[in-house]
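Residue numbers (the numbering used here): 611 to 1353. First up is the structure itself, then whatever we jot down about it.
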Amino acid sequence: MVRARLSGGDLADVPDISGRRASSAQEGYLEDPVPSGGAGRVSGVHGLLARAAALGVLVSGLFGCAATPDYLAGVAAEVSRPTTASAEERAYGRRLGALIARDGLERLDKAYGIGPSLLPDDISGSELGKARRTLAAIAEPAYRGEMPLAEPETGGDRKFYRDRWRVARQTLYLAPPTADSGVAPYAFSGLQAIRSEIELRSIGGQPFRLTLACDGAVAVEDKAGSRSHPAGVPFTVIGGDGAGESVLVPSDVVKRCDAMADFDGRRRAFAIVREETENPRLADFDSRVDVCRMPDPDALPPLERAFYGARWLSQTCPFDPGRPALLTGEVDGFNAKVEALLGVPLSAAFLRNGDPEAPLDFSRAPHLALIYVSYLDIKADFSGRVFDRLLRYHARQGATIRVIASDVLEREKDRAMLQALAADHLNVQFKSFAWKAPNGGTLDEVMSEYYKVHHSKLLAAISEMPGRSVAIIGGRNIHDGFLFDEPVDLSRYPQLQQYGQRRGLTLNYYSNWRDLDLALHDDAATRSLAAHLSTLWHEDAVTHMVRPFSLSVAGGAVRASGSARHFVSVPYVDGRALEGYYVDLLDAATRTIEIVNPYLNLTPALEAAIDRALARGVAITILGRIDLTGDLGGSVLTELNRLFVARHADRIHIYDYRDPKVILHSKMLMIDGRFAIASSVNLNNRSFIHDNENGIAVLDPAFYRRMKAVFETYRKASVPVVARDVGLGWRILFSWRQLREAL
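Dropping the structure here:
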């Protein structure tokens, strides 16, 4: 259940998540703490697997039946009925249960072809029909747009969620010991997990023998089947060199395994530990649920209602963002990230020389407890190698580091760099995001495995020292094209990318992007963003479901000063909630809508909202780079932009950014002179249908004015667009819905 937070004094503001093994109860976090994933209310969960098997609808592969209708119906029912007297906890459980049930209902209907040819009534008497009715009943609230505010109760505004609802899966990268190998243990998470999985993967497929002795039973699953090993009895797993995937499944009681990895005589000893036991404060941080006390929506003007509204989009509570730095310059954007980790920016000479192996001075580096590095793309180039070195330093200092990037964009050298980082330092977790279509998914869902990506962009560096934490959010990736005008000569370093092509459908392309990032330095704000991203990190491994970060309750008021909210969108599990949010914002505009975005391929719902705004007399201005030559797939994207221009140039002020060497990549949305969003969100179908996204929305005229200055800088470098015809062939091609949604 959600457990109330006790008063923690200064700890509430500067939580210690460094990994020191203090008792959570002693540190003022939880009364009678329950180890996440190892105990707690789990009634009925284990029976779900047996009931799913009885349906004969097991999902193939190592995930067993963790996405079958009966299983998801059981999990949704358990989650939505928490055994608690707290009205807020019950409301949160119903919200998460509704999201799980909606996902399960849609999976069931697709897998069994329920629709015009097979109606729900046709299966009403079967076990499948019972599962569908359960899912439909629990999911019903999730099909509403705006949620009612929950009833408030006395107590704190922060709780912790402990119930089990997900499959936890992470990867242990194995490699022979090196001079840089760290000594930290490998921590696996059982947080809120019905089942925990550790995939074993050797770097470069090197053969290995992994011998383990654990303090509880562990199952090993591979292509030969599943074998269970009791506590205290050593066992060996052989992998690499075509041996196939092996997965460790520790039982709930496992807290530690002692391991020895043998690579043809080169041995490395290390420990595998349960993260909730080894670092309970980090588990508390990852379990955080914020209670947002919100004003009555019926008493608010439309823009305030859209900002404060309770919706299915995962958002933080409104917070004071301080005065975020607007990082408009390429060097400023990169150096802000470097400074967050190094303590000082790189010198102009360091950047001019273009040598990623040049000496770095770590004497002013902050002591960090937790680092998130979340990007679409992390390349093995100058930028990526500098980041690699910075992260290796903090790994040696004991920080927990979590890195996530998109599998479909990783090239061999990118993957080798990131996997080696995780193999050398076991306190670095690397997650390569790869979405899998649900069982029975449609053809376009199966195809979307090749273009559905992780697009949430955040660097969060969390320190225990006040004023040393930083969170940077925006549109940039870790790629030299966001830093240098020309590719850096890295021929001395064969392990790094040497960009060789400026355009076309190749992952070795090189473009130059102009972008915008925001840097927040307020301790509470940076922790909120990092804790919010933890919900994405601790997703369900099978469905990619992400639990909500907050619960909106009645009893609040509009903040007198500026307010910000961070959002995380996962459109294929939250019912395209980001699209609904943007529609509400556009519908709330009364005077102006100002947009900076490189892609103009709006969904039908967003197009309709634009049309309604124009009909109300709202002045709309859009800045972008219409010709996207140089971007990945730029010729196709250019024609899509031109199609939007052809439709709207007579009603919308559209400007084309004219620097021929740079693609304007910033993502800004501003409304009525008092609201602004800086985000990763493109105005294309993919951002609202396929890709996870994040951003910060700020309701504050002063912040708007700062963003407006950036907008005007872009406009001065732009010219009004002259509409040109889009050929019939392109129009026919873009009439194919599946193609539009993929772009």
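Beta carbons: idealized from backbone N, C-alpha and C, even for Gly. Just so we're clear, the structure is a prediction, and the values are computed from it rather than from any experiment.
Query, Result
"With a floor of 3 residues, list each beta strand (DSSP E) that falls wholly inside the region 754-798, ordered by position along the chain.", "768-771, 776-784, 796-798"
"Shorter than 8 Å from the beta carbon of Asp1127 to some beta carbon of chain D?", "The chain inventory of the structure shown lacks chain D, comprising one protein chain alone."
"Can you tell me where the alpha helix (DSSP H) with Arg1315 in it begins and where it stops?", "1311-1326"
"Using a 10 Å radius around the Cβ and a threshold of 16 neighbouring Cβ atoms, would you call Arg1334 buried or exposed?", "exposed"
"Using a Cβ distance threshold of 8 Å, determine whether the region 716-736 contacts the region 770-779, with at least three qualifying pairs required.", "no"
"Which residue marks the beginning of the beta strand (DSSP E) containing Arg898, and which one marks its end?", "898-903"
"Looking at the structure shown, is Ala1225 part of a helix, part of a strand, or coil, going by DSSP?", "helix"
"Considering only the alpha carbon of each residue, which of Leu759, Gln925, Val689 lies closest to Ser1162?", "Leu759"
"Since His1004 is in the alpha helix (DSSP H), which residue starts that stretch and which ends it?", "992-1006"
"Using the C-alpha atoms, what's the distance from Glu1020 back to Tyr1061?", "12 Å"
"Which residues share a DSSP beta bridge with Asp1241?", "Thr1239"
"With 16 as the cutoff for other CB atoms within 10 Å, does Trp1346 come out buried or exposed?", "exposed"
"Flag this pair as touching only if the region 1271-1291 and the region 956-973 have three or more C-beta atom pairs under 8 Å; answer yes or no.", "no"
"Where does Ser966 land, buried or exposed, given buried means 16+ other C-beta within 10 angstroms?", "The residue asked about is misnamed: residue 966 is Pro in this sequence, not Ser. Buried."
"DSSP has Phe845 in a bridge; who is on the other side?", "Leu822"
"Tell me the rounded alpha-carbon separation between Asp1133 and Val899.", "17 Å"
"Sort out for me which residues DSSP pairs Met1075 with in a bridge.", "In DSSP, Met1075 forms no bridge with anything."
"Give, in chain order, every unbroken run of the alpha helix (DSSP H) that is at least 4 residues long and sits entirely within the region 1099-1183.", "1133-1147"
"Can you tell which of Asn889, Asp1301, Leu1000 has its C-alpha closest to the C-alpha of Val1018?", "Asp1301"
"When we look at the beta-carbon of Met1027 and count the other beta-carbons within 10 Å, is it buried (16 or more) or exposed?", "buried"
"Between Ile981 and Ile1306, what straight-line distance do the alpha-carbon atoms span, to the nearest angstrom?", "19 Å"
"Under the assumption that Arg1086 contacts Asp790 (Cβ atoms under 8 Å), give the Cβ distance between them as a whole number of angstroms.", "The pair is not a contact, with the Cβ atoms about 28 Å apart (cut-off 8 Å)."
"Short check: CB of Leu1130 to CB of Pro907, under 8 Å?", "no"
"Looking only at DSSP bridge pairs, what is Phe873 linked to?", "Arg876"
"Across which residues does DSSP place Leu1293 in a beta bridge pair?", "Leu1210"
"Suppose you measure from the CA of Glu1059 to the CA of Trp1045; what does that come to, to the nearest Å?", "6 Å"
"Count the C-beta pairs between the region 924-931 and the region 1175-1182 that are closer than 8 Å, then say yes if the count reaches three, no if not.", "yes"
"Residues in the same chain with beta-carbon distance under 8 Å from Arg1268, minus the five sequence neighbours each way, listed in chain order, please.", "Ala1327, Ser1328, Val1329"
"Mind checking Leu1338: buried by the 16 CB within 10 Å criterion, or exposed?", "exposed"
"Specify, as a first and last residue, the run of the alpha helix (DSSP H) that Pro860 falls within.", "Note, Pro860: premise wrong, no alpha helix (DSSP H); beta strand (DSSP E) at 856-860."
"How big is the Cα-Cα spacing for Tyr1374 and Ile1262?", "Outside the displayed range of the chain (611 to 1353) lies residue 1374, so it cannot be described from this structure."
"The beta strand (DSSP E) spanning Glu807 covers which residue range?", "803-812"
"Rank Ala990, Glu1322, Gly1190 by C-alpha distance to the C-alpha of Gln1100 and give the top, closest one.", "A small fix is needed here, since residue 1100 is Leu in this sequence, not Gln. It is Ala990 whose Cα lies nearest to the Cα of Leu1100."
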